[in-house]
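2 is the number of the first residue of the sequence shown in this note's numbering; add one for each residue after it.
For glycine and all other residues, C-beta sits at the position ideal for the given N, C-alpha and C.
The structure presented is a predicted model; accordingly, all values stated were derived computationally and were not measured.
Written out below as structure tokens is the structure these notes cover.
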Amino acid sequence: MDRRKFLQGSALGLASLSFEQVAKASASERVRVGMMGAAGRASALNQYFAANPNAEIVTIAEIDSARLGNTVETVTKLQGKQPKVVQDFRHLIDDKSLDAIVVGTPDHWHAIPTILACQAGKDVYVEKPDGNKIIEGQRMVAEM
């Protein structure tokens, strides 16, 4: 088996686990998500999660308000509810009402929020690469 086939099979297996977990939730339950970032790749992630009927973007953390662009309006249109906007991502970590955090920041800002979110008991989706150094990846795995 080559690397590509192995990774494809692994991804399909992980995806099926996610769908099973969603299927077990009641129809009224939605995953309450905090988004870290609003521009670049994070803009696409905001649209994806806002369009997902099983998710609700509750809060978007973006340190630079000039980078928000039309993200808030797009999310509001897609999910029918306006998300709160904060500048400090630690509000996402501290918010007990959030189930998950999506880290859509530049690469050098992947490790710290991922580690803190795991320590807070939240599920995390982080874009690749998960870190810039091996030690960052090891620390993230240790917190899962």
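Assuming residue i contacts residue j under a Cβ cut-off of 8 Å, what Cβ separation, rounded to an integer in Å, is found between them?
i      : j      : result
ILE135 : MET37  : With 8 Å as the limit, ILE135 and MET37 do not qualify as a contact, their Cβ atoms being about 23 Å apart.
THR60  : HIS92  : 7 Å
ALA35  : ALA62  : Residue identity differs from the one stated: residue 35 is Gly in this sequence, not Ala. Right, the Cβ-Cβ distance comes to about 7 Å (below 8 Å), so this counts as a contact.
VAL73  : VAL87  : With a Cβ gap of about 12 Å, VAL73 and VAL87 do not count as contacting.
GLY70  : ALA39  : 7 Å
MET141 : THR115 : 5 Å
By DSSP's criteria, residue i is part of a beta bridge. Which residues make up the other side?
i      : result
ASP124 : ALA101
ALA62  : MET37, VAL87
VAL32  : ALA56
Residue i and residue j: beta carbons closer than 7 Å?
i      : j      : result
ARG33  : LEU117 : no
HIS111 : ASP131 : yes
GLU128 : ARG68  : no
GLN120 : GLU137 : no
ILE58  : PRO84  : yes
If distances are taken between C-alpha atoms only, which option among the options comes closest to residue i?
i      : options                      : result
ASN47  : GLU137, MET141, ILE64, VAL76 : VAL76
ASN133 : ALA56, TYR49, ILE113         : ILE113
ALA45  : VAL125, LYS97, LEU79         : LEU79
LYS97  : GLY122, ASP89, PHE90         : GLY122
Distance cutoff 7 Å, beta carbons only. Does residue i sit that close to anything in chain C?
i     : result
ALA43 : Note that chain C does not occur in the displayed structure, where there is just one protein chain.
Note down, one range per segment and in chain order, each beta strand (DSSP E) of at least 3 residues found wholly within the stretch 74-111.
85-87, 101-104
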